[in-house]
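**Q**
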Amino acid sequence: MTNYLQQPSGDRAFVPDPSKPAQLLRVCPAYKETPVLEIAQPFGGILLAKDETHRMNLGAFKALGGVYAVAQLIAMEWEKQTGEKLEPDDFASERIKAFASGLTFVCASAGNHGMAVAAGAGIFGANARIHLAREMPDAFEKRLQEKGANVVRSSQTYDQSVAEALRDVEASGNILLADGSWPGYTVPPALVMEGYTIIAEEMRREFEAKKQWPSHVYLQAGVGGLAAAITFMIRKNWAVQPEITIVEPDVAPCLMASSKAGKMVTVEGPVSNMGRLDCKSPSILAFDLLERSNVTYMTVSDEEAEQAVVKLAENSIATTPSGAAGFAGQIKSLPNDQGDGYSPLIIVSEGAL
Ligand SMILES: Cc1ncc(COP(=O)(O)O)c(C=O)c1O
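Everything in the sequence shown is counted per the numbering used here, starting at 227 for the first residue and increasing by one.
Right under this line is the structure:
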């Protein structure tokens, strides 16, 4: 079994093919496009909000990444052992499920990624072991167990649980399926991000059909996987190019700090209420891509994220500070960004817990 830990460190380009996750999702009963909602702005004009709060019955966009990456890694392992390529329909067969039952996917989770990996392992007949920080609620551990995952409470904080997951695969030889990436470890996280490209493709088709394109896009970031995947697709094939702003918690601006430093840096700071964005080190794949994609960076405070949650609730969208952080960035940018043709887009990345 490959744990993907020793890749040449120069090999870190993120070049996704959105048709691959699209093929798999065609045979996935839980897959359905999520809506772009239109919210009237107080000063006039419309805010476009891609609503990921119900994605694949898992309540967050992350489902697209973890589930797809599990399938791809099973297919890659199968091909290595048999020389045969798998088609999406093959995953339903008993022989592939029997093969997958010998594979264990390991990751750390601050919430949604672990749920997506657990769900993917459950769907395709593999095993999942999720490292959870002790600060995570028991209810979340129970939800993971209901998906069939084995949960390990190995450390105090999320960042420590990432290190524990790494130690786990070094000792067990199982497959590390992290959403973050670093020099030498990029294959599984690139698959996770490839899964997220579906979100941008759904939006592109809708905007093309309506002939209505956003002028500004605000993308919240933790390690940066979501922001980089969407940015890649926007720059690759959207007919009208928006300004793109990456929004991070002010206590975890790892991408902004890395951009300023011109290299990957780890930041320090207290805990944020934007739990899923509270990552102190960026993903190298995301950082490299964002740095060559003409984006700007900004931060929002816990209070600004909380206010954005309240405003979305007034528009019947129930989310969390992590889910509303892009919106918080949009509200904060208003005095500068607003002008003729201002048509902002945000992604509400998870539902209320
Ligand atoms: C709800 C939500 N929004 C945004 C993000 C940020 O994604 P990334 O870590 O890929 O930047 C996450 C990551 O877990 C998340 O769960």
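We put the beta carbon where it would ideally sit given N, CA and C, even for glycine.
Since I believe residue 340 is in contact with residue 322 (beta carbons under 8 Å), could you give me their beta-carbon distance rounded to a whole number of angstroms?
**A** Within the sequence shown, the letter at position 96 stands for residue 322. Within the sequence shown, the letter at position 114 stands for residue 340. Not really, about 23 Å apart at Cβ, beyond 8 Å.
**Q** Relative to the C-alpha of residue 508, which candidate in 281, 558, 278, 485 has its C-alpha closest?
**A** Your numbering for residue 508 matches position 282 in the sequence shown. Among 281, 558, 278, 485, the Cα nearest to that of residue 508 belongs to 485.
**Q** By the three-class DSSP mapping on this structure, what secondary structure does residue 540 have?
**A** On the sequence shown, position 314 is the one that residue 540 refers to. In the structure shown, residue 540 sits in a helix (DSSP, three-state: H, G or I).
**Q** Do you know how far the Cα of residue 256 is from the Cα of residue 273?
**A** Numbered from 1 along the sequence shown, position 47 holds the residue referred to as residue 273. Numbered from 1 along the sequence shown, position 30 holds the residue referred to as residue 256. Going from the Cα of residue 273 to the Cα of residue 256 covers about 28 Å.
**Q** Helix or strand or just coil, what does DSSP make of residue 476?
**A** For the purposes of this step, residue 476 is identified with residue 250 of the sequence shown, where counting begins at 1. Of the three classes helix, strand and coil, the one that applies to residue 476 here is coil, per DSSP.
**Q** Does the beta-carbon distance from residue 521 to residue 423 come in below 8 Å?
**A** As a working mapping, residue 521 is identified with position 295 in the sequence shown. As a working mapping, residue 423 is identified with position 197 in the sequence shown. No, they are not a contact pair.
**Q** Comparing the CB of residue 286 with every heavy atom of ligand 1, is any distance shorter than 7 Å?
**A** For the purposes of this step, residue 286 is taken as the residue at position 60 of the sequence shown. For ligand 1, at least one heavy atom lies less than 7 Å from the Cβ of residue 286.
**Q** For the stretch 438-450 and the stretch 560-577, state whether three or more C-beta atom pairs, one from each stretch, are separated by less than 8 Å.
**A** The answer is yes - the stretch 560-577 touches the stretch 438-450, with three or more Cβ pairs under 8 Å.
**Q** Quick check: what's the CA-CA separation for residue 469 versus residue 307?
**A** Reading the sequence shown from its first residue, position 243 is the one you call residue 469. Reading the sequence shown from its first residue, position 81 is the one you call residue 307. Rounded to the nearest angstrom, the two C-alpha atoms are 45 Å apart.
**Q** First and last residue of the beta strand (DSSP E) that includes residue 523?
**A** Residue numbering aside, residue 523 sits at position 297 when the sequence shown is read from its first letter. Residues 521-526.
**Q** Considering just the uninterrupted stretch of the beta strand (DSSP E) at residue 457, what are its terminal residues?
**A** For the purposes of this step, residue 457 is taken as residue 231 along the sequence shown, with counting starting at 1. Counting along the chain, residue 457 falls outside any beta strand (DSSP E), though it belongs to the alpha helix (DSSP H) covering 451-463.
**Q** Going by DSSP in three states, residue 518 sits in which element: helix, strand or coil?
**A** The residue labelled residue 518 in the question sits at position 292 within the sequence shown. Note: residue 518 maps to coil in three-state DSSP.
**Q** At what residue ranges does the stretch 332-412 contain a whole run of the alpha helix (DSSP H), taking only runs of 4 or more?
**A** For the stretch 332-412, whole alpha helix (DSSP H) runs of length 4 or above, ordered along the chain, are 338-350, 364-372, 384-398.
**Q** Given a threshold of 16 other Cβ atoms within 10 Å of its Cβ, counted over all protein chains shown, does residue 338 qualify as buried or as exposed?
**A** Sequence index remark: in the sequence shown, residue 338 carries index 112 (1-based). So residue 338 ends up on the buried side.
**Q** Identify every residue that forms a DSSP beta bridge with residue 277.
**A** Counted from its first residue, the sequence shown places residue 277 at position 51. 574.
**Q** In three-state terms, what does DSSP make of residue 176?
**A** Summary: the structure shown does not reach residue 176, with the chain confined to residues 227 through 579, and so no result is reported for it.
**Q** Just verifying my parser: in three-state terms, what is the DSSP assignment at residue 294?
**A** For the purposes of this step, residue 294 is taken as residue 68 along the sequence shown, with counting starting at 1. Reduced to three states, the DSSP call for residue 294 is helix.
**Q** If you follow the beta strand (DSSP E) that residue 266 is part of, which residue opens it and which one closes it?
**A** Sequence index remark: in the sequence shown, residue 266 carries index 40 (1-based). Residue 266 -> beta strand (DSSP E) spans 262-266.
**Q** Provide the residue span of the beta strand (DSSP E) that contains residue 446, from first to last.
**A** On the sequence shown, residue 446 is found 220 positions in, with the first residue counted as 1. First-last of the beta strand (DSSP E) with residue 446: 442-446.
**Q** Quick one: any contact between the stretch 417-433 and the stretch 371-385, if contact means 3 or more CB pairs under 8 Å?
**A** They do not touch, by the three-pair rule.
**Q** Are there any heavy atoms of ligand 1 lying less than 7 Å away from the beta-carbon of residue 480, as far as the coordinates show?
**A** Walking along the sequence shown from the start, residue 480 turns up at place 254. Answer for residue 480: no, Cβ out of range of ligand 1.
**Q** My output table needs one value for residue 423: the three-state DSSP class, helix, strand or coil.
**A** Counting from 1 along the sequence shown, the entry for residue 423 is found at position 197. Residue 423: helix per DSSP, three-state reduction.
**Q** Is residue 449 close to ligand 1? I mean its beta-carbon at under 7 Å from any heavy atom of the ligand.
**A** Position 223 of the sequence shown holds residue 449. Residue 449 Cβ: within cutoff of ligand 1.
**Q** Closer than 7 Å: is that where the CB of residue 405 sits relative to any heavy atom of ligand 1?
**A** Taking the sequence shown and counting its residues from 1, one reaches residue 405 at position 179. True, at least one ligand heavy atom lies under 7 Å from that Cβ.
**Q** Here's a check: name, in chain order, each residue in its chain whose Cβ is nearer than 6 Å to the Cβ of residue 231, leaving out the five neighbours to either side.
**A** As a first step, residue 231 is located in the sequence shown; it is residue number 5 there, counting from the start. Taken in chain order, the residues that qualify are 411.
**Q** For the putative contact between residue 289 and residue 345, defined by C-beta atoms under 8 Å, what is the C-beta separation to the nearest angstrom?
**A** For the purposes of this step, residue 289 is taken as the residue at position 63 of the sequence shown. For the purposes of this step, residue 345 is taken as the residue at position 119 of the sequence shown. With a Cβ gap of about 7 Å, residue 289 and residue 345 count as contacting.
**Q** Between the beta-carbon of residue 243 and the beta-carbon of residue 261, is there less than 8 Å?
**A** Indexing the sequence shown from 1 puts residue 243 at position 17. Indexing the sequence shown from 1 puts residue 261 at position 35. Contact flag unset, no.
**Q** Start and end of the alpha helix (DSSP H) containing residue 317?
**A** As a position in the sequence shown, residue 317 is number 91, starting the count at 1. No alpha helix (DSSP H) contains residue 317, which DSSP labels as neither H nor E.
**Q** Roughly how many angstroms separate the alpha carbons of residue 376 and residue 503, rounded to a whole number?
**A** The residue you call residue 376 lines up with position 150 of the sequence shown. The residue you call residue 503 lines up with position 277 of the sequence shown. In a straight line, the C-alpha of residue 376 is about 24 Å away from that of residue 503.
**Q** Does the beta-carbon distance from residue 445 to residue 573 come in below 8 Å?
**A** Working through the sequence shown from its first residue, we reach residue 445 at position 219. Working through the sequence shown from its first residue, we reach residue 573 at position 347. Against a cut-off of 8 Å, the Cβ pair of residue 573 and residue 445 comes out as a contact.
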